[in-house]
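Visitor: Here the protein sequences line up with chains A and B, keeping their order.
Residues in the first sequence are numbered from 10 upward in steps of one, following my numbering.
Residues in the second sequence are numbered from 10 upward in steps of one, following my numbering.
Using N, Cα and C, we set each Cβ at its ideal position, and we do this for glycine too.
Bear in mind the structure is a predicted one, so any value in this text is a computation, not a measurement.
One structure, as structure tokens, below. Some questions next.
Number of protein chains: 2
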Amino acid sequence: MEKMYYTQMEAARKGIVTPEMEIVAKKEGRDVAFIQQMVAEGKVVIPANPNHKGLDPNGIGSMLKTKINVNLGVSRDCKDINIEMQKVMSAVNMGAEAIMDLSSHGDTQPFRQKLCSECPAMIGTVPIYDSVIHYQRDLATLTAKDFIDVVRLHAKDGVDFVTLHCGISRNTIKQIQNGNREMNIVSRGGSLVFAWMAMTGNENPFYEYYDEILDICREYDVTVSLGDACRPGCLKDATDRCQIEELIRLGELTERAWAKDVQVMVEGPGHVPMDQIEANMKVQQTICKGAPFYVLGPLVTDIAPGYDHITAAIGGAIAAASGAAFLCYVTPAEHLALPNLEDVHQGIIASKIAAHAADIAKKIPGARDQDDRMAGARRKLDWDAQWLEALDPETAKAIRDSRAPEDDHSDTCSMCGKFCAVRSMNKALAGEYIDIL
Amino acid sequence: MEKMYYTQMEAARKGIVTPEMEIVAKKEGRDVAFIQQMVAEGKVVIPANPNHKGLDPNGIGSMLKTKINVNLGVSRDCKDINIEMQKVMSAVNMGAEAIMDLSSHGDTQPFRQKLCSECPAMIGTVPIYDSVIHYQRDLATLTAKDFIDVVRLHAKDGVDFVTLHCGISRNTIKQIQNGNREMNIVSRGGSLVFAWMAMTGNENPFYEYYDEILDICREYDVTVSLGDACRPGCLKDATDRCQIEELIRLGELTERAWAKDVQVMVEGPGHVPMDQIEANMKVQQTICKGAPFYVLGPLVTDIAPGYDHITAAIGGAIAAASGAAFLCYVTPAEHLALPNLEDVHQGIIASKIAAHAADIAKKIPGARDQDDRMAGARRKLDWDAQWLEALDPETAKAIRDSRAPEDDHSDTCSMCGKFCAVRSMNKALAGEYIDIL
Chain A
10 MEKMYYTQME AARKGIVTPE MEIVAKKEGR DVAFIQQMVA EGKVVIPANP NHKGLDPNGI
70 GSMLKTKINV NLGVSRDCKD INIEMQKVMS AVNMGAEAIM DLSSHGDTQP FRQKLCSECP
130 AMIGTVPIYD SVIHYQRDLA TLTAKDFIDV VRLHAKDGVD FVTLHCGISR NTIKQIQNGN
190 REMNIVSRGG SLVFAWMAMT GNENPFYEYY DEILDICREY DVTVSLGDAC RPGCLKDATD
250 RCQIEELIRL GELTERAWAK DVQVMVEGPG HVPMDQIEAN MKVQQTICKG APFYVLGPLV
310 TDIAPGYDHI TAAIGGAIAA ASGAAFLCYV TPAEHLALPN LEDVHQGIIA SKIAAHAADI
370 AKKIPGARDQ DDRMAGARRK LDWDAQWLEA LDPETAKAIR DSRAPEDDHS DTCSMCGKFC
430 AVRSMNKALA GEYIDIL
Chain B
10 MEKMYYTQME AARKGIVTPE MEIVAKKEGR DVAFIQQMVA EGKVVIPANP NHKGLDPNGI
70 GSMLKTKINV NLGVSRDCKD INIEMQKVMS AVNMGAEAIM DLSSHGDTQP FRQKLCSECP
130 AMIGTVPIYD SVIHYQRDLA TLTAKDFIDV VRLHAKDGVD FVTLHCGISR NTIKQIQNGN
190 REMNIVSRGG SLVFAWMAMT GNENPFYEYY DEILDICREY DVTVSLGDAC RPGCLKDATD
250 RCQIEELIRL GELTERAWAK DVQVMVEGPG HVPMDQIEAN MKVQQTICKG APFYVLGPLV
310 TDIAPGYDHI TAAIGGAIAA ASGAAFLCYV TPAEHLALPN LEDVHQGIIA SKIAAHAADI
370 AKKIPGARDQ DDRMAGARRK LDWDAQWLEA LDPETAKAIR DSRAPEDDHS DTCSMCGKFC
430 AVRSMNKALA GEYIDIL
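Right, here's the structure in full:
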């Protein structure tokens, strides 16, 4: 029997409501017809490869709750699959909606297949990272066909979205060589495409064979995440000609994907001064016709290594409030080292804060409900109720318990003790005498 | 001999350039005449009590670098003066321009005097906190004169600025009693004024005797920091009638202070959804005629106890980029416990990031220089040069060193190893062969 549809977008355009759309509508508290329409228009993607068994699908779009991605994967400096899988499950439990498997060491397929069979979050990959590893051959020796075969391999394994750096071309080489970019290209995948082009003299294979790749993505409903090779790697390079010229190409490539019913996200900066973030989001929305924007940061300063989960939370919150749909987490180890379990934890919390703050700002229905319950619990000095609403109850409780107030004012905390404003107000409004000493 | 001037504002208005204005101009890289004019107009304050010996003065104003304040002080649950002084000096070394001494236990004068003789950062206090402690009498037994005497005591001790909750009145009691505020009043000082009014039946002494207080502040050049008793304590209460009505009164009180040449800052929210922050800053600027805005957060969500340094960094960065001049730090222990040394560290770094990101956004001259140097160091993979530009070099270096790359790619870090984009690009642009395996 002929399949009714290959991709969520195709289904939506044919008027079919898929089980995934139903789940997304329910999760978002929105009408399924609305979700269907947004998927048909490309403004929402539901990355859901049918080969990813056990996926708990999510929608990504600027009018839905902001989603977060966590990058993990085995690498030369951290080879233990079990440690990585532990990080994955911890990330999912903390609320990550997507895991990107950036494995870059050894036989990568077992971990990828494990993810696609065990992990309920959507799975993304960057096939060009894996190409060198998969073939165990140096970059310059790989052919365009080799790259495409890896895309197909990942699609078959059940990957829900793939980052493809299609937007740079041989012209970019000249631009970077002649240009005034402080940091050149800082996208890992982008630099590999660049290096491959420089060494082989060929055109970017992900651009040259884009139609073939789209056919694979259509067959397995793999969402294309158009990588931004030219994302700025420092504030000085932000919103420059390199970046915006690539964005224009990504807009063209978005429409070519949509013509084949392939779902598309567009990746974005990077390192961006706060005052340029909203403009970046608005320009992406017009150039890419509302395709969901997936941002890597943006980091609002370059001088805070060790704290880039915070610089990214500032930028990510502003980006999401201005229209970005999907935030890639950034950990305190960014620019410095492979994140450990604690870094992953810190990175996820910071991203969740940014996403949640943005959802409130853009008035996603129900976004503030949890905050309102927290406020009620605080007014009552009901600590157990506060833990129920806290993003990370264990950490919050541990801080309070480690320095509990020492005596009879145990309804307060050691920050203010009997000076607690909430306590004073509750007494004052009840007409009670307020003892402070 | 008659004094030439009492306050920096008086001097500025008389056309006198004070040594403090010279220092501020030099630090900011601005013309001293510009600083003088801004001080004369009340748009910059230089809190500098002549009794604070050894002060290294700073200017606070929306067109200058954003400054940060750190709250410390001995309390019932942390009585050790030496631990607090250790925190103070660590805060100053990390770049805090102001320390607010919120001591609330025992004899508070020795610590305050120690601060005013040893600490180069400007010192602020909240006299109403100290009143109960100073007299060792319950709040309801204190008189208006008692409160005013404590303001004078702090002024004589050398305090550079005092927070006074002058903006609420007996009318506020009705408003809160009748109102729909979820969190009532969460300002510690505001709640004490409220409770005192409720218990004594009197008008707010800081409002009723405002002129007498201004005379003290004029004599010692103590900058008045107009406290916002009605700052929202949760997102639901943000930008409500209580808050804005108080702001209007703070605007009137600003002009009354300026009439006596007393320098004024205005304190601001609080808990505020991201989309309301800029509006809050703009309204304050018109209502208070450009008086510097000193914000406590704003926190952009209520659900992240344990991480409120991050929620405040998001809000503070947006606030400062929209016109706030001065950020009160928030630590991970906010809402939970008295901050320990590590919390203070985390809170300061987060505030510095917010302030710095905002300075770049509002194009403070030279604000991005350090970022540009960092970018250059990163492009060269020059790690020692990166530590020189890092906000917290020790932490950054420790992260890298704890997980250094294991072999011959030691110029990179364990995040990417040989996949390092910077390494690949440097090789590609030099025409070198790129080995990844």
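(1) Using beta carbons (cut-off 7 Å, strictly below), is N189(A) in contact with chain B?
(2) Tell me whether N60(B) sits in a helix, a strand or coil according to DSSP, three-state version.
(3) What does Y15(A) touch in chain B if you count any residue whose Cβ is under 8 Å from its own?
(4) Just reading off the beta strand (DSSP E) that M109(A) is part of, what are its end residues?
(5) Taking Cβ positions, are K76(B) and F302(B) nearer each other than 7 Å?
(6) Are the C-beta of S234(A) and some C-beta of chain B separated by less than 7 Å?
(7) Taking S126(A) as part of the alpha helix (DSSP H), name the residues at either end of that continuous run.
(8) Tell me the start and end of each unbroken alpha helix (DSSP H) in the segment 114 to 202 of chain B that is at least 4 residues and wholly inside, in chain order.
(9) Between the Cα of N58(A) and the Cα atoms of L235(A), R409(A), Y15(A), D393(A), which residue gives the shortest distance?
(10) Kindly indicate the opening and closing residues of the beta strand (DSSP E) around I312(B).
(11) Decide if the segment 227 to 247 of chain A is in contact with the segment 185 to 196 of chain A; the criterion is three or more beta carbon pairs, one per stretch, under 8 Å apart.
(12) Measure the C-alpha to C-alpha separation of D220(B) and A266(B) and round it to an integer number of angstroms.
(13) Under the three-state reduction of DSSP, which class applies to V231(A): helix, strand or coil?
(14) In this structure, what does DSSP give as the bridge partners for M274(A)?
(15) So, under 8 Å CB-CB, S457(B) and E228(B) are touching, yes? Tell me the CB distance rounded to an integer number of Å.
(16) By a C-beta neighbour count over all protein chains shown, 10 Å radius and 16 as the cutoff for buried, is K74(B) buried or exposed?
(17) Within the segment 318 to 355 of chain A, note down every full beta strand (DSSP E) run reaching 3 residues or more, in order along the chain.
(18) Please confirm if F43(A) has its CB atom under 7 Å from at least one CB of chain B.
(19) Consider the Cβ of Y144(B): report whether some Cβ of chain A lies at a distance smaller than 7 Å.
(20) So who's on the other strand from L400(A), going by DSSP bridges?
(21) Is A346(A) near D311(B), with beta carbons less than 7 Å apart?
(22) Please report the residue range of the beta strand (DSSP E) in which N80(B) lies.
(23) A107(A) touches chain B at which residues, Cβ-Cβ below 9 Å?
(24) Cutting at 6 Å between CB atoms, please list the residues of its own chain near Q395(B), excluding the five before and the five after it.
(25) Taking the Cβ atom as the reference point for each residue, do T320(A) and V304(A) lie within a distance shorter than 7 Å?
(26) If I follow the unbroken alpha helix (DSSP H) through F43(B), where does it start and stop?
(27) Do V275(A) and I222(A) count as a contact pair if the criterion is CB distance below 7 Å?
(28) So if I threshold CB-CB distances at 8 Å, which residues from the segment 61 to 84 of chain B count as touching chain A?
(29) Which of the residues in the segment 242 to 262 of chain A, read from start to end, lie with their CB under 9 Å from any CB of chain B?
(30) Taking 7 Å as the threshold (C-beta atoms), are F170(A) and T263(A) in contact?
(31) Which residues bound the beta strand (DSSP E) around F302(B)?
(32) Since Y338(B) and V97(B) should fall inside the 8 Å C-beta cutoff, what is the C-beta to C-beta distance between them, to a whole number of angstroms?
(33) Could you spell out the range, first to last residue, of the alpha helix (DSSP H) harbouring R382(A)?
(34) Looking at chain A, is there any beta carbon in it that lies within less than 7 Å of the beta carbon of N193(B)?
(35) Any beta carbon from chain B within less than 7 Å of D391(A)'s own beta carbon?
(36) Q186(B) touches chain A at which residues, Cβ-Cβ below 8 Å?
Guide: This is what the structure gives:
(1) no
(2) coil
(3) In chain order: nothing, as chain B lies at least about 33 Å away.
(4) 107 to 110
(5) no
(6) no
(7) 118 to 127
(8) 118 to 127, 136 to 144, 153 to 166, 179 to 187
(9) Y15(A)
(10) Judged by DSSP secondary structure, I312(B) falls outside any beta strand (DSSP E); it is assigned neither H nor E.
(11) yes
(12) Taking the Cα positions, D220(B) is about 8 Å away from A266(B).
(13) coil
(14) S234(A)
(15) As displayed, chain B neither begins before 10 nor continues past 446, which places residue 457(B) out of reach and without an answer.
(16) buried
(17) Here the runs fully enclosed are 335 to 337.
(18) no
(19) No, its Cβ sits nowhere closer than 7 Å to a Cβ of chain A.
(20) Answer is none; L400(A) lacks a bridge partner.
(21) For the 7 Å CB-CB criterion, A346(A) and D311(B) do not form a contact.
(22) 76 to 81
(23) Under the 9 Å cutoff, chain B gives no residues; its nearest Cβ is about 19 Å from A107(A).
(24) The residues are A386.
(25) no
(26) 41 to 50
(27) Between I222(A) and V275(A), the C-beta gap is not smaller than 7 Å, which leaves the two residues out of contact.
(28) S84
(29) G242, C243, L244, K245, D246
(30) no
(31) 302 to 305
(32) Not quite, the Cβ-Cβ distance comes to about 13 Å (not below 8 Å), so this is no contact.
(33) 378 to 388
(34) yes
(35) no
(36) L438
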